[in-house]
Amino acid sequence: MEKRPDWAPFVEHTNHRPARAVHLKALEGFDAPGRALDLGFGAGNESVDLLDRGWDLTAVDSTPKAIDNLRERAEGRPGRLTLIEARLADVPLPTVDYIYAGYSLFFTEPERFDGLWASIRAALAPGGVFAGHLLGDRDTWAELPWISRHTEERARELLDGLDLVWFEVEDADGQALGGPKHWHVHEFIARRPR
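In UniProt numbering, the protein residues as written are 1 to 194.
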């Protein structure tokens, strides 16, 4: 993956998959739906889950295919959806109770990552939950200049000040849409203190 990918094939390939386990685990901390952000939602599987649960969701993605796909999938679901077509670092984020960023944050350029991270932290309401993934420094994609990557130590530092509910490292060979790759990903769930 030398150049930035065309995400339309990924949206097609992953459409209608079940919501990821880390997202479902993060929602265990809520008694009722609230306001949520899905950052870089791709096929929208977690977004659809949130809408089915009645959440007021703002979903952000830069891929027109993703926007069209989620708009179609959201029809008739009980939650309320606001769609924003933009790169994550370009969007002012509303204050919310839950933020999900599944395999998306690392596609923000390294020089823009800290600003995005600060915006995410500021958008998380007291008691709010943030779940997502950060790319590790041993991942195949870590050498790409437009990818943000972090050591485990740095990933944990980024979560300082939040109550860490879950942190797991995937460090294994696997597959991506383009073929085999080594995955090194920091998966987390963290809660902002009240």
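Heads up, the beta-carbon is just placed ideally off N, CA and C, and yes, glycines get one too.
To the nearest angstrom, report how far apart residue i and residue j are at their CA atoms.
i      : j      : result
Gly151 : Pro126 : Correcting the residue type first, residue 151 is Thr in the shown sequence and not Gly. Whole-angstrom Cα-Cα distance: 27 Å.
Thr63  : Asp31  : 32 Å
Ala172 : Glu187 : 14 Å
Arg17  : Val48  : 10 Å
Gly42  : Leu81  : 15 Å
Leu51  : Asp38  : 11 Å
Arg77  : Asp97  : 20 Å
Leu124 : Val22  : 18 Å
Pro180 : Phe167 : 25 Å
Leu24  : Glu143 : 31 Å
Arg194 : Ala101 : 21 Å
Phe130 : Gly29  : 11 Å
Asp90  : Asp114 : 13 Å
Lys65  : Asp160 : 35 Å
Arg192 : Thr95  : 12 Å
Gln175 : Asp61  : 23 Å
Leu27  : Val165 : 12 Å
Assuming residue i contacts residue j under a Cβ cut-off of 8 Å, what Cβ separation, rounded to an integer in Å, is found between them?
i           : j      : result
Glu46       : Ala19  : 5 Å
Asp163      : Ala190 : 6 Å
residue 195 : Ile67  : In the structure as shown, the chain begins at 1 and stops at 194. Residue 195 is therefore absent and cannot be evaluated.
When DSSP builds the beta bridges, which residues end up paired with residue i?
i      : result
Ala131 : Tyr100 and Ile189
Ile84  : Val60
Trp117 : For Trp117, which the question treats as bridged, DSSP gives no partner whatsoever.
Leu39  : Val60
Gly174 : Lys181
Trp166 : Ile189
Gly136 : His150
Leu124 : Val96
How about residue i and residue j: do their beta carbons lie closer than 8 Å?
i      : j      : result
Leu57  : Ala36  : yes
Gly40  : Leu88  : yes
Gly128 : Val169 : no
Arg149 : Asp139 : yes
Leu105 : Gly132 : yes
Ile99  : Ile120 : yes
Pick from the options: whose alpha carbon is nearest that of residue i?
i      : options                           : result
Leu158 : Ala118, Ala101 and Trp166         : Ala118
Glu109 : His182, Ala122, Leu134 and Gly128 : Leu134
Glu85  : Gly179, His182, Ala122 and Ala59  : Ala59
Glu111 : Trp141, Ile120, Pro145 and Leu27  : Pro145
Gly54  : Ala142, Glu143, Pro33 and Glu72   : Pro33
Gly178 : Trp141, Val91, Arg192 and Gly161  : Trp141
His184 : Val165, Tyr103 and Ala26          : Tyr103
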